[in-house]
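Data first, discussion second: the structure below is written as structure tokens.
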Amino acid sequence: MESLASRFVVEARGRWKTAVARPANAIGMSMEAGGIESEFHSHVESQLVFQVRGELTCEASNALWIVPPQSALWVPGGVSHRIRARAPLEGYSLFVEPRVGVNLPRECCAVSVSTLFRELLFRLASRPAQYDVDGPDARLVGVLLDELAAAKVEKHRLPMPTEPRLRRLVEALVADPADGSSADTWARRIGIGERTLHRLLVKETGLSFGRWRQRLHVTLAIQRMTRGASVKQVALELGYASASSFVTMFRKALGASPARYMAHRLEGT
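For the sequence shown, numbering that gives the first Met the number 0 gives the first residue as 0, with consecutive numbering after it.
Right under this line is the structure:
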């Protein structure tokens, strides 16, 4: 964290900016105990956070992203965001100047990481912050940015409502995800009608109550499995009648069973 802090300065408007003028720069981070919880902040540069191992979530642009191992989160420059991480943690952050990021995503998104991109990121993180802008390191950065522009967007986004009553609903569902109460019951608990609940939730997240709760369950499942929980444990914690019903839901959402999904994520750790 000291190494990370040494690379930034704070501008007048409270935005962070890297202290070294380079098209892109990378830094490795590791933590064996404890956790990180930042306040909402933004960078002049865009940031990519890549997880080798550990658990990390980010809230930005009215959404919550889970960043599982071997995945990465892209946060464009100027976007206010808050990061929470839990040890043991190992990862890398890549910072990209606006002038070289014109072909990169304009909005926050989770992206898959190719083997080539991962190795380029590792190599850049091992180079001096003030690398030669005309030498081999600069060419390495060019290839790395090409790989980033071609990265596949993953389905790890959980839209987060801002309406106060819906926020109470979100907090209650996160605290007790096994509560399978109907939309009508939840609506009465937060003091609105069922039709109003559906209307507000679709307006703010684009999802019905059932679809949003399913996305939440996928997010929480990935978190728990990253910590080492079994598929059966996760199914019970999320309120599913059986492990098979949870596996069916997960496969429909992400295209792979929980076991296969996590094996793919952890094979590079």
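Cβ coordinates follow ideal geometry from the N, Cα and C atoms, glycine included.
- A direct Cα-Cα distance of roughly 9 Å separates Ala71 from Ser92.
- The residue among Ile35, Glu89, Gly100 with its C-alpha nearest the C-alpha of Gln46 is Gly100.
- Going by C-alpha positions, Met248 is about 8 Å away from Gln213.
- Following the DSSP letters along the chain, one finds Thr56 inside the beta strand (DSSP E) bounded by residues 45–59.
- Straight-line measurement puts the Cα of His42 at about 10 Å from the Cα of Pro97.
- The count of Cβ pairs closer than 8 Å, one atom from the stretch 149–162 and one from the stretch 105–115, reaches three, so the stretches are in contact.
- Taking Arg83 as the centre and dropping the five residues before and after it, the same chain places the C-beta of Glu36, Thr56 closer than 6 Å to its C-beta, in chain order.
- Within the same chain, and ignoring the five residues on either side of Ser29 in sequence, the residues whose Cβ sits closer than 6 Å to its Cβ are Glu89.
- Nearest to Thr225 by alpha-carbon distance, out of Glu38, Ile65, Gly27, is Ile65.
- Sequence-distant partners of Leu237 (beyond 5 residues in either direction) whose C-beta falls short of 7 Å from its own C-beta, in its chain, are Pro176, Ala177, His216, Leu219, Ala220, Phe245.
- Following the DSSP letters along the chain, one finds Pro67 in no alpha helix (DSSP H), marked with neither H nor E.
- The DSSP-derived three-state label of Arg188 is helix.
- When the Cα atoms are used, Trp185 and Ser229 turn out to be separated by approximately 29 Å.
- Leu88: member of the beta strand (DSSP E) spanning 80–95, first to last residue.
- Inter-residue distance for Arg105 and Val201 is about 23 Å (C-alpha atoms, whole angstroms).
- Shown here, His155 sits in coil according to DSSP, grouped into three states, outside any helix or strand.
- Sixteen is the threshold: since fewer than 16 other Cβ atoms of the shown chains lie within 10 Å of the Cβ of Gln129, the residue is exposed.
- Considering only Leu63, Glu54, Val173, the residue with the shortest C-alpha distance to Leu157 is Leu63.
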